[in-house]
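K.L.:
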Amino acid sequence: MTTDKTPTETTEHSAGELLKAAREHRQWSQKEVASQLNLRLSLIENMETDQYEESVLPTFIRGYLRSYARLLKISEQQVLAAYERHHGNQAIEPRAMHSFSNRTEKEATESRFMLLTYLVGAVLLGLLLLWWWQTHWLIGEPPVAESENAGVPHEIVNSVEPEPLTMLAADSQPDPEMHTVLPELPTSLAEQTAPTIFENESTQSSVALLADPPIASSQQLSMRFADDCWIDVVDADGSRVAFGTKRAGYQLQVQGRAPFTVTLGNPSVVEIELDTEPVDMSGFRSGRVAKFSVPLQD
Amino acid sequence: MFNKLRGIFSNDLSIDLGTANTLIYVKDQGIVLNEPSVVAIRQERAGGPKSVAAVGHAAKRMLGRTPGNIKAIRPMKDGVIADFYVTEKMLQHFIKQAHSNSFLRPSPRVLVCVPCGSTQVERRAIRESAQGAGAREVYLIDEPMAAAIGAGMPVSEATGSMVVDIGGGTTEVAIISLNGVVYSSSVRIGGDKFDDAIINYIRRNYGILIGEATAERIKTEIGSAYPSDDVLEIEVRGRNLAEGVPRSFTMTSNEILEALQEPLAGIVSSVMVALEQSPPELASDISERGMVLTGGGALLRDLDRLLMEETGIPVVVADEPLTCVARGGGKALEMIDMHGGDVFSYE
Numbered sequence: 001m002t003t004d005k006t007p008t009e010t011t012e013h014s015a016g017e018l019l020k021a022a023r024e025h026r027q028w029s030q031k032e033v034a035s036q037l038n039l040r041l042s043l044i045e046n047m048e049t050d051q052y053e054e055s056v057l058p059t060f061i062r063g064y065l066r067s068y069a070r071l072l073k074i075s076e077q078q079v080l081a082a083y084e085r086h087h088g089n090q091a092i093e094p095r096a097m098h099s100f101s102n103r104t105e106k107e108a109t110e111s112r113f114m115l116l117t118y119l120v121g122a123v124l125l126g127l128l129l130l131w132w133w134q135t136h137w138l139i140g141e142p143p144v145a146e147s148e149n150a151g152v153p154h155e156i157v158n159s160v161e162p163e164p165l166t167m168l169a170a171d172s173q174p175d176p177e178m179h180t181v182l183p184e185l186p187t188s189l190a191e192q193t194a195p196t197i198f199e200n201e202s203t204q205s206s207v208a209l210l211a212d213p214p215i216a217s218s219q220q221l222s223m224r225f226a227d228d229c230w231i232d233v234v235d236a237d238g239s240r241v242a243f244g245t246k247r248a249g250y251q252l253q254v255q256g257r258a259p260f261t262v263t264l265g266n267p268s269v270v271e272i273e274l275d276t277e278p279v280d281m282s283g284f285r286s287g288r289v290a291k292f293s294v295p296l297q298d
Numbered sequence: 001m002f003n004k005l006r007g008i009f010s011n012d013l014s015i016d017l018g019t020a021n022t023l024i025y026v027k028d029q030g031i032v033l034n035e036p037s038v039v040a041i042r043q044e045r046a047g048g049p050k051s052v053a054a055v056g057h058a059a060k061r062m063l064g065r066t067p068g069n070i071k072a073i074r075p076m077k078d079g080v081i082a083d084f085y086v087t088e089k090m091l092q093h094f095i096k097q098a099h100s101n102s103f104l105r106p107s108p109r110v111l112v113c114v115p116c117g118s119t120q121v122e123r124r125a126i127r128e129s130a131q132g133a134g135a136r137e138v139y140l141i142d143e144p145m146a147a148a149i150g151a152g153m154p155v156s157e158a159t160g161s162m163v164v165d166i167g168g169g170t171t172e173v174a175i176i177s178l179n180g181v182v183y184s185s186s187v188r189i190g191g192d193k194f195d196d197a198i199i200n201y202i203r204r205n206y207g208i209l210i211g212e213a214t215a216e217r218i219k220t221e222i223g224s225a226y227p228s229d230d231v232l233e234i235e236v237r238g239r240n241l242a243e244g245v246p247r248s249f250t251m252t253s254n255e256i257l258e259a260l261q262e263p264l265a266g267i268v269s270s271v272m273v274a275l276e277q278s279p280p281e282l283a284s285d286i287s288e289r290g291m292v293l294t295g296g297g298a299l300l301r302d303l304d305r306l307l308m309e310e311t312g313i314p315v316v317v318a319d320e321p322l323t324c325v326a327r328g329g330g331k332a333l334e335m336i337d338m339h340g341g342d343v344f345s346y347e
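Order-wise, the sequence lines are chains H and E. Going by the UniProt record's numbering, the first sequence opens with residue 1, and the numbers climb by one from there. Going by the UniProt record's numbering, the second sequence opens with residue 1, and the numbers climb by one from there.
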């Protein structure tokens, strides 16, 4: 903190000059002053020449100047003002504090972990949104069958086995996977039993009411159940067109490409017709699972 | 949650809850409040509801001049809370006064300075009264630490800094290095004891009774801690104990010096003990640079001279010694966010 006097300030006395003049006026030596103030002689010399060591803080310099001025009975304010004039802001600014606690480091580490957590959370949220958007947007695409079947007396239930929904929906062309279950019941009854059909098919996932126009090559397979029976029907394309337990009195109509591979839990209670042509079920024993293809092959 | 919201509209406060004066420092605004720690309580009839009649300067003017239904109370004694309810009311009033925003009740973070000799019970009382007054979070800091920071001493450096904070109720002597208190002691001698000593001296030697306010005036105007060539005089009025009528008389600074001998000796001896107890490395730092006086007591004329003569080491009076503690607390509070709270004290 060494400051040399600039020529412009020669008219105003510096703090050191003021103190030196007052001391000489009283005819005291620097040594006497040093012993009175309990300060080092070098410090008194420095004060009078306005040159301070770096290690001496402004707080102390101002204090020493104040004590010195009071000892010499001159105005403290005048001396301090002169000192501040010479040293500017340095004269007042204390040294910056610093901390030894590792709290800030800890917090920095913790915040990094928190950031990572937020990042993972954001990615998960993003994936969720993506999934939602895909399913919603794509499922909304296929036309809903209600308009076409508005006048049709049966409730049309599309029975689809658990297959990826997106794949199912993405096929916009008339496809053989889509088959309808049409209970052959009077109109009035159909409406009443429709909800029960839904309930009965608890094992099936009925997703949407779809009625794609049947393709020319497809054949219709009708099944009538005299008693509860578990069935699994796969058509020639390998897609499963009917699956699950059917109740007694239930009529099932599926369309697909022949031959169908049919598995029946209890073949004796089922009557099958392929395009109104009855299939001979006498060859299957009651109480045993039957797996065969329709039309029957020898 | 709502507290946090209110916190956005509140300033962080550093409160020097002193026996004589309470100061509040706000970041970027400086000292926003400096009022005597006095509350005037009005109670219309015995057992009736109490209400606050005045706080601060207005209440201090009432001290010793109140009618039966008003009581002017100084809720702090010897640096700690003597009356919990009144302290809480006073803090509430001051915190509100420090916020210009009157729409939301302020909920600031508050740092309160406590004497280093205060017990756990006393610290908890201060913490709870600050919370009761609406503080969102309360931090405590040792008074000498705050004083040293406020005086601009190098508390974070590996050098010993000695600070003597002479407040209204207590004198705190501490040696600080690396943000920690190496040695501290607190004696219950302060401005109040000086006033009492003056009252007793005048009663004993003049047979005249004076009030606390008069004693304080004598102390600030002509009080001195070291014999000086120029003798100051003051004219004082008080009640003559023998005649029972008010009388006026003249006192000199030398008489006051004599009156203050006992409390001054207490302060000097606590400083001497601190120097004796200090580790040698720190003692050499202190003898090189000197100790710093803060607090209202540092304004007593020639107190630095007295300590210089008694200890043989330089003594420096801080700039604006009255506000050192509050300013230092404010700086410490600013440090919370940047660094850790290693300068704070815990219960």
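Built from N, CA and C at the ideal position, the CB exists for glycine as well. Because the structure is a prediction, the values reported are computed rather than measured.
Inspect the beta-carbon positions of E:Ile267 and E:Gly297 and report whether they are closer than 9 Å.
P.N.:
The residue you call residue 267 of chain E lines up with position 267 of the second sequence. The residue you call residue 297 of chain E lines up with position 297 of the second sequence. Against a cut-off of 9 Å, the Cβ pair of E:Gly297 and E:Ile267 comes out as a contact.
K.L.:
Shorter than 9 Å from the beta carbon of H:Met97 to some beta carbon of chain E?
P.N.:
As a first step, residue 97 of chain H must be located in the first sequence, where it is residue number 97. For H:Met97, the answer is yes, since a Cβ of chain E falls inside 9 Å of its Cβ.
K.L.:
For E:Val164, which option in E:Gly223, E:Arg61, E:Leu264 has the closest C-alpha, if you only look at C-alpha atoms?
P.N.:
Within the second sequence, the letter at position 164 stands for residue 164 of chain E. Among E:Gly223, E:Arg61, E:Leu264, the Cα nearest to that of E:Val164 belongs to E:Leu264.
K.L.:
Considering Cα atoms alone, identify which of E:Val292, E:Ile222, E:Asn200 is closest to E:Glu212.
P.N.:
Here the question's residue 212 of chain E lines up with position 212 in the second sequence. Considering only alpha carbons, the answer is E:Asn200.
K.L.:
At a Cβ threshold of 9 Å, is E:Arg289 touching chain H?
P.N.:
Within the second sequence, numbered from 1, the residue matching residue 289 of chain E stands at position 289. Interface flag for E:Arg289 against chain H is set, since a Cβ pair is found closer than 9 Å.
K.L.:
At the level of alpha carbons, what is the spacing between H:Gln251 and H:Leu119?
P.N.:
Here residue 251 of chain H refers to the residue found at position 251 when the first sequence is read from its first residue. Here residue 119 of chain H refers to the residue found at position 119 when the first sequence is read from its first residue. Near 54 Å, if we compare the C-alpha coordinates of H:Leu119 and H:Gln251.
K.L.:
Which partner residues of E:Arg301 appear in the DSSP bridge assignment?
P.N.:
As a working note, residue 301 of chain E is residue 301 in the second sequence. When beta bridges are read from the DSSP output, E:Arg301 appears opposite E:Ser224.
K.L.:
Name the chain H residues that come within less than 8 Å of E:Pro227, Cβ to Cβ?
P.N.:
In the second sequence, residue 227 of chain E corresponds to position 227, counting from 1. Residues of chain H passing the Cβ test: none, with the nearest at roughly 14 Å.
K.L.:
Is E:Glu310 helix, strand or coil by DSSP?
P.N.:
Translated into positions along the second sequence, residue 310 of chain E becomes position 310. Here E:Glu310 sits in helix by DSSP.
K.L.:
Assess, as a yes-or-no matter, whether the segment 10-21 of chain E is touched by the segment 309-327 of chain E under the definition of 3 or more beta carbon pairs within less than 8 Å.
P.N.:
Touching, per the Cβ criterion.
K.L.:
Using a Cβ-Cβ distance cut-off of 9 Å, determine whether H:Arg40 contacts chain E.
P.N.:
Here residue 40 of chain H refers to the residue found at position 40 when the first sequence is read from its first residue. Judged by the 9 Å Cβ criterion, H:Arg40 is in contact with chain E.
K.L.:
Going along chain H, which residues have a C-beta under 8 Å from E:Lys60?
P.N.:
On the second sequence, position 60 is the one that residue 60 of chain E refers to. Those do not exist, as E:Lys60 stays about 28 Å from chain H at its closest Cβ, beyond 8 Å.
K.L.:
Could you tell me the boundaries of the beta strand (DSSP E) in which H:Asp232 lies?
P.N.:
Locating residue 232 of chain H in the first sequence gives position 232, where the first residue counts as 1. It spans 229-234 - the beta strand (DSSP E) in which H:Asp232 sits, taken as one unbroken run.
K.L.:
Can at least three beta-carbon pairs, one atom from the segment 267-278 of chain E and one from the segment 152-169 of chain E, be found at a separation below 8 Å?
P.N.:
Yes, since at least three Cβ pairs between the segment 267-278 of chain E and the segment 152-169 of chain E fall closer than 8 Å, the two stretches touch.
K.L.:
For E:Val292, return the contacting residues in chain H, with the cut-off set at a CB-CB distance below 9 Å.
P.N.:
For the purposes of this step, residue 292 of chain E is taken as residue 292 along the second sequence, with counting starting at 1. Those within 9 Å of E:Val292 in chain H are Thr59, Phe60, Gly63.
K.L.:
What residues from chain H crowd round E:Ala318, counting only those whose CB sits closer than 8 Å?
P.N.:
Position 318 of the second sequence, counting from 1, holds the residue named residue 318 of chain E. Those are Thr59, Gly63, listed as they occur along chain H.
K.L.:
Listing by chain order, which chain E residues have their CB less than 8 Å from the CB of H:Leu72?
P.N.:
Taking the first sequence and counting its residues from 1, one reaches residue 72 of chain H at position 72. Neighbours of H:Leu72 on chain E: none; closest Cβ ~13 Å, over 8 Å.
K.L.:
Tell me which residues of the segment 130-154 of chain E have at least one Cβ-Cβ distance to chain H shorter than 8 Å, keeping chain order.
P.N.:
Ile149, Ala151, Gly152, Met153, Pro154
K.L.:
Might you give, ordered along the chain, the residues of its own chain that have their beta carbon closer than 8 Å to the beta carbon of E:Pro154, omitting 5 neighbours on each side?
P.N.:
Locating residue 154 of chain E in the second sequence gives position 154, counting from the first residue. Non-local beta-carbon contacts of E:Pro154 in its own chain, meaning distances under 8 Å to residues more than five positions away in sequence, involve Ser161 in chain order.
K.L.:
By DSSP, does H:Pro7 sit in helix, in strand, or in coil?
P.N.:
Position 7 of the first sequence, counted from the first residue, corresponds to residue 7 of chain H. Because H:Pro7 carries a pLDDT of 41, less than 50, the predicted location of this residue cannot be relied on, and the following value inherits that uncertainty. Three-state DSSP puts H:Pro7 in a helix.
K.L.:
Taking only beta-carbon atoms, is H:Leu37 less than 9 Å away from chain E?
P.N.:
Within the first sequence, residue 37 of chain H is the residue found at index 37, counting from 1. Chain E contact via Cβ: present.
K.L.:
Determine the extent of the beta strand (DSSP E) in which E:Arg204 is found, giving its start and end residues.
P.N.:
For the purposes of this step, residue 204 of chain E is taken as the residue at position 204 of the second sequence. From DSSP, E:Arg204 is part of no beta strand (DSSP E) but of the alpha helix (DSSP H) over 191-206.
K.L.:
Out of H:Leu19, H:Met47, H:Ser67, which has the shortest C-alpha to C-alpha gap to E:Arg305?
P.N.:
Numbered from its first residue, the second sequence carries residue 305 of chain E at position 305. When only C-alpha atoms are compared, the closest one is H:Ser67.
K.L.:
Tell me which residues share the same chain as E:Asp83 and place their Cβ nearer than 7 Å to its Cβ, disregarding the 5 neighbours each side in the sequence.
P.N.:
For the purposes of this step, residue 83 of chain E is taken as residue 83 along the second sequence, with counting starting at 1. Within the same chain, E:Asp83 has close Cβ partners Ile73, Pro75.
K.L.:
Quick check on H:Val120: does DSSP put it in helix, strand or coil?
P.N.:
The residue you call residue 120 of chain H lines up with position 120 of the first sequence. Residue state, collapsed to three classes: helix.
K.L.:
List the residues that DSSP assigns as beta-bridge partners of H:Lys246.
P.N.:
Numbered from its first residue, the first sequence carries residue 246 of chain H at position 246. The partner list for H:Lys246 (beta bridge, DSSP) reads H:Cys229.
K.L.:
Taking just the CA atoms, how far does E:Gly68 sit from E:Asp28?
P.N.:
For the purposes of this step, residue 28 of chain E is identified with residue 28 of the second sequence, where counting begins at 1. For the purposes of this step, residue 68 of chain E is identified with residue 68 of the second sequence, where counting begins at 1. Distance between the alpha carbons of E:Asp28 and E:Gly68: 43 Å.
K.L.:
Should H:Thr166 be labelled buried (16 or more other beta-carbon atoms within 10 Å of its own) or exposed?
P.N.:
Sequence index remark: in the first sequence, residue 166 of chain H carries index 166 (1-based). In this prediction, H:Thr166 has a pLDDT of 44, which is less than 50 and means its spatial position is unreliable; what the coordinates show is noted afterwards. By the neighbour-count rule (16 or more Cβ atoms within 10 Å), H:Thr166 is not buried but exposed.
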